[in-house]
Amino acid sequence: MRRAGTNSKQTYRARTLVWHTKELRYIQPGEMVNLDHLSNDEIEWLIKSNVVAPINLEDKEERNGTDN
Amino acid sequence: MAQTTNAMSFKSNKIEISTNGTTYTDISGFANSIEVGGGDRQSGEAYTYDGDTAIITTGKREPIEVTVKIVYTEGTGDPFEMVRDAYEDGSALYLRWSPKGGSTGAFQFTTSAGYVTTLGYPVGEAGSGDPVLIEFTLKCASITKSVVA
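Just so you know, the sequences run in chain order A and B.
Its first residue numbered 27, the first sequence is counted upward by one per residue in our numbering.
Its first residue numbered 12, the second sequence is counted upward by one per residue in our numbering.
Written out as structure tokens, the structure is:
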């Protein structure tokens, strides 16, 4: 479960096809994905594996022209 | 690249079955093996008088056949009955599996709607003490990789 101190308003965007275990549906790349059911460690792992990206980070990348 | 430390065996595989592609039933406690065949992309070739090698072109991908062995049991809603129903009705069936067990971040491979083209019935020899296994083949158009989250 989510640990104390997590920013519950953080939103993420899928960067690959994701099977959402709570919503029981596929999240297409580019779609927003709710990760409230995951722990910080799990979310960090998904970010590190390029499965999802925090929306704010992604926007920053796009502004910097580093996103493909 | 350095030698990987992330290799895995198939012992933790999770396999699920569905009749609608939305609600899946975990049959890991019944499934014994899974194999995938087919799916080759069609290709062609031609030679010209100029040059020494072929011109190669590609076409469409062929259907995929997923063959699964399961332990034969007779409970209502057990995998054998689900598969037999789909086989006899000619109705769609979906399979998905996750080699790492389906936890967060694990890859998951999901078939498109497929049809049971081959169903093995329970058979065996009197001298064997092995559990009865049956095998079925699901023919589908594609398999999609996703990540569990």
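For every residue, glycine included, the Cβ atom is placed at its ideal position computed from N, Cα and C.
Bridge-paired residues (DSSP) for residue i
i, result
"Leu149/B", "Val77/B and Val127/B"
"Ala57/B", "Ile66/B"
"Thr121/B", "Arg107/B and Thr155/B"
"His46/A", "Arg51/A"
"Lys25/B", "Ser109/B"
"Arg72/B", "Arg52/B"
"Val59/A", "Tyr38/A"
"Ser39/B", "DSSP, once it has assigned bridges, lists no residue as partnering Ser39/B."
"Glu46/B", "Thr78/B"
"Pro80/A", "Tyr38/A"
"Leu144/B", "Val82/B"
Anticipated Cβ contact below 8 Å, residue i with residue j, distance rounded
i, j, result
"Ser42/A", "Val77/A", "Checking the displayed sequence, the identity of residue 42/A turns out to be Thr instead of Ser. Indeed, because the Cβ distance is near 6 Å, the residues count as touching under 8 Å."
"Ser54/B", "Thr68/B", "7 Å"
"Tyr52/A", "Val44/A", "7 Å"
"Ile45/B", "Tyr83/B", "About 16 Å separates the two Cβ atoms, so there is no contact after all."
"Thr148/B", "Ser102/B", "No, Thr148/B and Ser102/B are not in contact; Cβ-Cβ is about 15 Å, not under 8 Å."
Neighbourhood of residue i by C-beta distance below 7 Å, restricted to the same chain and skipping five residues each side
i, result
"Gly31/A", "No answer about Gly31/A holds up, because its pLDDT of 43 lies below 50 and its placement is not dependable."
"Lys25/B", "Asp37, Ser39, Trp108, Ser109, Gly112 and Gly113"
"Gln36/A", "Pro80"
"Pro90/B", "Ile28, Ile38, Phe41 and Ile81"
"Phe21/B", "Pro110"
"Pro133/B", "Tyr83, Val143 and Ile145"
"Met19/B", "Pro110 and Lys111"
"Asn17/B", "none"
Close beta carbons around residue i, own chain, < 6 Å, minus the five adjacent residues each side
i, result
"Thr155/B", "Thr121"
"Leu61/A", "Tyr38 and Ile69"
"Val47/B", "Val77"
"Leu25/A", "Nothing about residue 25/A can be reported from this structure: the residues present for chain A run from 27 to 94 only."
"Arg52/B", "Thr69 and Arg72"
"Cys151/B", "Ile75, Thr122, Ser123 and Gly125"
"Met27/A", "Unreliable placement is indicated for Met27/A, whose pLDDT of 48 sits below 50; the coordinate value is still reported in the next sentence. Same-chain partners within the cutoff: there are none."
"Leu130/B", "Tyr98 and Phe147"
"Ser153/B", "Ser123"
Contacts around residue i, its chain only, beta-carbon distance under 8 Å, and the 5 residues preceding and following it disregarded
i, result
"Ala117/B", "Ser109, Pro110, Lys111, Val158 and Val159"
"Gln119/B", "Arg107, Trp108, Ser109, Gly113, Lys156, Ser157, Val158 and Val159"
"Thr15/B", "none"
"Thr115/B", "Val159 and Ala160"
"Met12/B", "none"
Check whether the stretch 84 to 98 of chain B touches the stretch 123 to 143 of chain B, counting contact only when three or more Cβ pairs, one atom from each stretch, lie closer than 8 Å. Cβ pair count under 8 Å is three or more, so yes.
Should the stretch 32 to 40 of chain B be called in touch with the stretch 135 to 143 of chain B, which here means at least 3 C-beta pairs below 8 Å? In short, these stretches do not touch, since the Cβ pair count stays below three.
Do the stretch 65 to 76 of chain B and the stretch 62 to 77 of chain A make contact, defined as three or more Cβ pairs closer than 8 Å? Flag = no, the stretch 65 to 76 of chain B and the stretch 62 to 77 of chain A do not touch.
Can you give me, in chain order, the residues of the stretch 57 to 83 of chain A that have a beta carbon less than 8 Å from any beta carbon in chain B? When CB distances to chain B are screened at a threshold of 8 Å, the residues of the stretch 57 to 83 of chain A falling below it are Val59, Leu61, Leu64, Glu68, Trp71, Leu72, Ser75, Val77 and Val78, in chain order.
In chain order, what residues of the stretch 33 to 48 of chain A put their CB closer than 7 Å to some CB of chain B? Listed by position, the residues of the stretch 33 to 48 of chain A near chain B (Cβ gap below 7 Å) are Thr42, Leu43, Val44, Trp45, His46 and Thr47.
If contact is defined by three or more beta carbon pairs under 8 Å, each pair taking one atom from either stretch, is the stretch 49 to 63 of chain B in contact with the stretch 105 to 112 of chain B? Flag = no, the stretch 105 to 112 of chain B and the stretch 49 to 63 of chain B do not touch.
Counting only Cβ-Cβ distances shorter than 9 Å, please list the residues of the stretch 113 to 128 of chain B near chain A, keeping chain order. Only Gly113, Ser114, Thr115, Gly116, Gln119 and Thr121 from the stretch 113 to 128 of chain B bring a Cβ to less than 9 Å from some Cβ of chain A.
Along the stretch 23 to 36 of chain B, what residues have a CB closer than 7 Å to any CB found in chain A? Those residues of the stretch 23 to 36 of chain B that come within reach of chain A (Cβ to Cβ, closer than 7 Å) are Thr33.
To be precise: take each residue of the stretch 144 to 157 of chain B, compare its Cβ to all Cβ atoms of chain A, and keep it if any distance is under 8 Å. Which residues remain? The stretch 144 to 157 of chain B vs chain A, Cβ under 8 Å: Thr155, Lys156 and Ser157.
Along the stretch 61 to 82 of chain B, what residues have a CB closer than 7 Å to any CB found in chain A? Against chain A - using a Cβ distance shorter than 7 Å - the stretch 61 to 82 of chain B contributes no residues.
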